[in-house]
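My numbering numbers the first residue of the sequence shown as 527 and each following residue consecutively. Notes for the one structure printed next.
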Amino acid sequence: MTLTITQQLIAIGAGSALIMLALWALQLRTKDAGVVDVAWAGCLGLSAILASITGEGELARRILIGVIGGIWGLRLASHLLFDRVLKGPEDGRYQMMREQFGPRINPIMLAFFEAQALLVVILCAPFLLAASAADPAPTLSDILGAALWLVGITGETTADRQLVRFKRDPANSGKVCDVGLWRYSRHPNYFFEWLMWCAFAIVALPADYGWLGLSAPALILLFVLKLTGIPPTEARAIRSRGEAYRRYQWTTSAFFPWFPREDTR
């Protein structure tokens, strides 16, 4: 069964909104809103698979976007679920929200959860566009996108594993993770995540209005650099690690990997 992009958007939007509503109700009992991040990644991964199955475009490209989008989303969702949510405690961002809004937190959290559903609808654009492109595949953009995605998934998986390994070592308690990829970027997981969104947008370029897919990596970059990514993460890190993290900020690139500099302050 094939669907138009409008029909796909309606299905993705309705499904994501219902999932977010159910998980908001769940966090009323668990007091852990971290499930919203799991659902965000999972819904986007499923949207790539849906686009692949129901798209009207070239089969090879639909398979490509379904595989790379699906693997990205479901891997990230499982990582967040098993390495953060199930192991607790609640992510510091949501703890800060509870402190800030107090008794008003439940309706505000509901709006936040449903905003993530809206974000799924916006960010799935590269998946839907790629799955609608009728040009014979593979094109140069398909090959470049697949190669960039491979770099991104390898880098993000490696960064996640290095951070988990660092945290599990009792000798590192209270220390800043500055080993492996974390020596060259304070947020290598975010960087490689963004690379994969660039890859999705590149695969979507052969579609009519394929350039609209570039809005997804641009939006991801905005959120990471200015809104929900680096700023609150580093604010919590300074609160918990103080001068050690300030030193890390001075010596290590925030986002794009680069060689560390000496602390000459």
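Backbone N, C-alpha and C fix where the C-beta goes; we use that ideal spot for every residue, glycine too. This one's a predicted model, so the numbers in the text were calculated from it and none came from an experiment.
Close Cβ partners of residue i (< 7 Å) along its chain, the five nearest in sequence each way excluded
i: Met527; result: Thr580
i: Thr665; result: Pro732
i: Ala567; result: Gly599, Leu602, Ala603 and Leu606
i: Leu552; result: Val561
i: Gly720; result: Note that residue 720 is Trp in the sequence shown here, rather than Gly. Pro743, Ile746, Leu747 and Val750.
i: Leu661; result: The sequence as given places Asp at residue 661; Leu does not occur at that position. If we look at Asp661 and ignore the five residues flanking it on each side, its Cβ neighbours are Glu584 and Pro732.
i: Leu674; result: Leu721, Cys724, Ala725 and Ile728
i: Arg772; result: Ile764
i: Ala586; result: Ala663 and Pro664
i: Ile631; result: Met623 and Arg624
i: Glu627; result: It is Phe, not Glu, that sits at residue 627 in the sequence shown. Answer for Phe627: Ile634, listed in chain order.
Where residue i falls: helix, strand or coil (DSSP)
i: Phe840; result: The structure shown does not extend to residue 840, since the chain spans only 527 to 791, so no value can be given for it.
i: Pro615; result: coil
i: Val702; result: coil
i: Ser711; result: coil
i: Lys557; result: coil
i: Leu529; result: coil
i: Tyr735; result: coil
i: Glu760; result: helix
i: Arg787; result: coil
i: Gly571; result: helix
i: Pro662; result: coil
i: Gly755; result: coil
i: Gly581; result: coil
Endpoints, the alpha helix (DSSP H) within which residue i is located
i: Cys724; result: Pro714 to Ala730
i: Tyr771; result: Glu769 to Thr777
i: Gly671; result: Leu666 to Arg694
i: Leu585; result: Leu585 to Leu606
i: Pro633; result: Ile631 to Leu649
i: Pro743; result: Ser741 to Lys752
Contact with chain C by residue i, beta-carbon distance below 8 Å
i: Pro633; result: The question asks about chain C, but that chain is absent: this structure has only one protein chain.
Residues near residue i by beta carbon distance below 8 Å, same chain, minus five either side
i: Ile788; result: Looking at the sequence itself, residue 788 is Glu, so the reference to Ile does not match. Here the set comprises Thr777.
i: Val647; result: Leu535, Ile538, Gly539 and Ser542
i: Asp686; result: His605, Asp609 and Asn715
i: Ile756; result: Arg712, His713, Tyr716, Val750, Ala780 and Phe781
i: Phe785; result: Tyr710
i: Thr683; result: Arg601
i: Gly596; result: Gly571, Leu572, Ala574, Ile575 and Ser578
Contact check, residue i vs residue j, beta carbons under 8 Å
i: Ala643; j: Gly539; result: yes
i: Asp558; j: Glu616; result: yes
i: Phe781; j: Phe718; result: no
i: Pro633; j: Leu707; result: no
i: Gly768; j: Pro714; result: no
i: Asp668; j: Tyr774; result: no
i: Arg588; j: Ala657; result: yes
i: Trp550; j: Met635; result: yes
i: Ala577; j: Ile545; result: no
i: Ala770; j: Lys701; result: yes
i: Ala672; j: Leu590; result: yes
6 Å Cβ shell around residue i - same chain, five flanking residues per side excluded
i: Leu655; result: Ala730, Ala733, Gly736 and Gly739
i: Gly618; result: Arg762
i: Ile594; result: Trp675
i: Pro758; result: Arg619
i: Glu760; result: none
i: Phe639; result: Met546, Trp550 and Val562
Open item on the list: Count Cβ pairs between the segment 637-657 and the segment 724-737 that sit closer than 8 Å; are there 3 or more?
Closed with: yes
TODO: Evaluate the contact criterion for the segment 692-707 versus the segment 545-558: three or more CB pairs, one atom per stretch, below 8 Å.
DONE: no
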